[in-house]
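The letter at position 99 of the sequence shown is residue 168 when you use my numbering, and the numbering goes up by one with no holes. For each residue, glycine too, the CB sits at the ideal point set by N, CA and C. Note that the structure is predicted; figures quoted are calculated from it, not measured. The block underneath contains the structure these notes are about, expressed in structure tokens.
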Amino acid sequence: MKKLILTLGIALAVTTISNAQILPKVQVGIKGGVNLSSLSNSGSTFSSENRAGYLGGLWARFGALGFNFQPELYITSKNVDINNSNGPARNAKFTSIDVPLLLGGKIGAFGLGGRFYAGPLLSFAINKDNNFGSAVGSAARFDYKSSNFAITAGAGIDIRKISIDLRYEAGLTKQNYFDGSTNYKTRVSLFNLSLGYAFL
């Protein structure tokens, strides 16, 4: 009897999980969150400190056979402090519209699930004004490109219609930072944590 109950339980679990992975599903939702940005190649010459930014926008998820395609569209603020020996700390802040195109997998059942994914990200700057505070008027500048590319990867958990995601975004486009005397090539990378809600 115990073996029969155990067998039926395993069969039910396998069937439920298989259906959750195989049946096609489409979801659409909103998301919002925070990010922490940094600059690559910073070191003895100049350094960067993480500062919080925000993100908010829309996502869609198309899933079948245990795989997902998830395009997103959101506005995000990226914010970093730059320190060097040639003057006071400077704050580089820019706002962009980001479009990640993510491929990944999902496991789970009964409204609970775990996801993992990776893919390219396109970023289009809509505000490139740098706030250098007391350094305004100096020759220092951070030239953030109008169009940027990145690779992003992360993981998330789903609790019915709620999604929580943590991901890392590695910038591929080189940016130019001029401290008043020397040009540096650097890239913007960040971590972001977001909360999403599926309304469809």
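Cβ-based burial, residue i [other Cβ within 10 Å; buried from 16]
i      : result
Gly249 : exposed
Leu172 : exposed
Lys230 : exposed
Gly101 : exposed
Ala204 : Any reading at Ala204 is ruled out, since the residue's pLDDT is 47, under 50, leaving its predicted position unreliable.
Ile195 : exposed
Ala209 : buried
Ile176 : exposed
Ala121 : exposed
Ser106 : buried
Leu170 : exposed
Gly223 : buried
Ser216 : exposed
Leu269 : exposed
Gly206 : Because the pLDDT at Gly206 is just 48, under 50, the model does not fix this residue reliably, and the value given afterwards should be weighed accordingly. Flag for Gly206 reads exposed.
Candidates the options, of which the one nearest residue i by Cα
i      : options                           : result
Leu134 : Leu264, Pro93 and Ser146          : Pro93
Phe247 : Leu241, Thr255 and Gly240         : Thr255
Lys243 : Ile144, Phe211, Lys162 and Gly183 : Phe211
Ala187 : Ala239, Gly98 and Leu142          : Ala239
Phe260 : Asp227, Leu235, Ile176 and Tyr213 : Leu235
Phe179 : Ser106, Ser107 and Ile226         : Ile226
Lys214 : Phe163, Val149 and Ile151         : Phe163
Gln96  : Ala121, Ser258, Ala129 and Leu105 : Ala129
Tyr253 : Ile151, Ser192 and Leu269         : Ile151
Leu264 : Ile233, Val103, Leu241 and Asp167 : Ile233
Leu241 : Pro140, Val168, Ser109 and Asn104 : Ser109
Phe136 : Asp167, Arg184 and Thr145         : Arg184
Ser146 : Gly132, Arg159 and Lys197         : Lys197
Gln139 : Asn245, Phe193, Leu124 and Gly174 : Gly174
Residues bridged to residue i (per DSSP)
i      : result
Ala239 : Ile220 and Ser258
Tyr123 : Val103
Ala267 : Gly98
Ser165 : Thr145 and Ala194
Leu172 : Phe138 and Ala187
Ser232 : Asp227 and Gly265
Phe211 : Tyr246
Gly132 : Lys94 and Asn137
Gly182 : Gly177 and Asp227
Nearest-angstrom beta carbon gap, residue j and residue i [assumed within contact, 8 Å]
i      : j      : result
Tyr237 : Thr251 : Incorrect: roughly 29 Å between the Cβ atoms, too far for contact.
Ile228 : Leu181 : 6 Å
Val149 : Asn119 : 7 Å
Interface flag, residue i vs chain C, CB-CB below 9 Å
i      : result
Pro140 : Protein chain content of the structure displayed is limited to a single chain, and chain C is not contained in it.
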